[in-house]
Amino acid sequence: MNLFRLVADLMHLVSIFILLLKMQKTRSVAGRCSRISFKTQALYATVFLTRYTDLFANFQSLYNTTMKVFFIASSLYIVFLMKFKFKATNDPRLDTFKAQYVVGGAAALALIVNYAFTVQEVLWTFSIYLEAVAILPQLFMLTKTGEAEVITTHYLFALGTYRGLYLVNWIYRYWTEYYVDWIVWIAGAVQTGLYCDFFYIYFTKVLKGAKFELP
Amino acid sequence: QPDQNHHDEL
């Protein structure tokens, strides 16, 4: 564990808490569209469920296990909230990204490009590929509405930072422990790349107190 | 290629 990875994981936690906070806030504003993509959240739940199949078999550390349990539980809880509790605030008309294509693509790629052709490894690889593109429905929704509430942009910023710090962590690990993991690196680079446009607008507008609006 | 115990990241 290094500082980059630790802060990255903490940013990931922060993003989830921001999301939960936003959902609590949205509930009090009846009828308002939550502007959170259900599809992205459902994809994240799928990512965690398929990645942590080794939860009971492979013990790394208390930190590792606790985080895994938290990510699985919180992602399922968010999906539950959006699907049942706050269903009225979720507007499927804005959430139109074709998620089945990215799920299909990630599954096909995981079957072809993996480290070992075992059920667990293919599921793990699938989760890596799927995480890389899981934010697309959310970003697509943002493009469609053309604007975002400040709290939504903070959520995306926390997620983007978490991914960016993982890139730094891999460079650090490569030099300090000869750590190499091409599947994770390429998928991670793609994933971080997806946030570039968002980061640009976040830094040039939101942090200067302006509304998040697409040009 | 990493060894089989490579999944130490979250």
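Sequence lines, in order, name chains A and B. So the first sequence is residues 343 to 557, counted in my numbering. So the second sequence is residues 613 to 622, counted in my numbering. Each residue gets a CB set at the ideal place from its N, CA and C atoms; glycine is no exception.
CB contact check: residue i to chain A, cutoff 9 Å
i               : result
D620 of chain B : yes
is_contact[residue i, chain B] using C-beta, thresh 9 Å
i               : result
W466 of chain A : yes
M409 of chain A : yes
V526 of chain A : yes
Y443 of chain A : no
R347 of chain A : yes
F413 of chain A : yes
Q402 of chain A : yes
D539 of chain A : no
D433 of chain A : no
D351 of chain A : yes
Y508 of chain A : yes
H496 of chain A : no
Continuous alpha helix (DSSP H) stretch holding residue i: start and end
i               : result
F413 of chain A : L404 to F422
E519 of chain A : V492 to E519
G530 of chain A : W524 to G535
L385 of chain A : F380 to R393
I543 of chain A : C538 to T546
Exposure of residue i, with buried meaning 16 or more beta-carbon neighbours within 10 Å
i               : result
P479 of chain A : buried
R435 of chain A : exposed
K381 of chain A : buried
W524 of chain A : exposed
F390 of chain A : buried
F422 of chain A : exposed
D539 of chain A : exposed
F448 of chain A : Correcting the residue identity first, residue 448 of chain A is Ala in this sequence and not Phe. By the 10 Å Cβ count, A448 of chain A comes out buried.
Y394 of chain A : buried
V444 of chain A : buried
For residue i: DSSP bridge partner residues
i               : result
F554 of chain A : A:A490
Chain E within 9 Å of residue i, Cβ atoms only
i               : result
V492 of chain A : Among the chains of the structure shown, chain E does not appear; the protein chains present are A and B.
* Asked: Which parts of the segment 432 to 472 of chain A are runs of the alpha helix (DSSP H), unbroken and 4 residues or longer, counting only runs that do not cross its ends?
  -> 441 to 454
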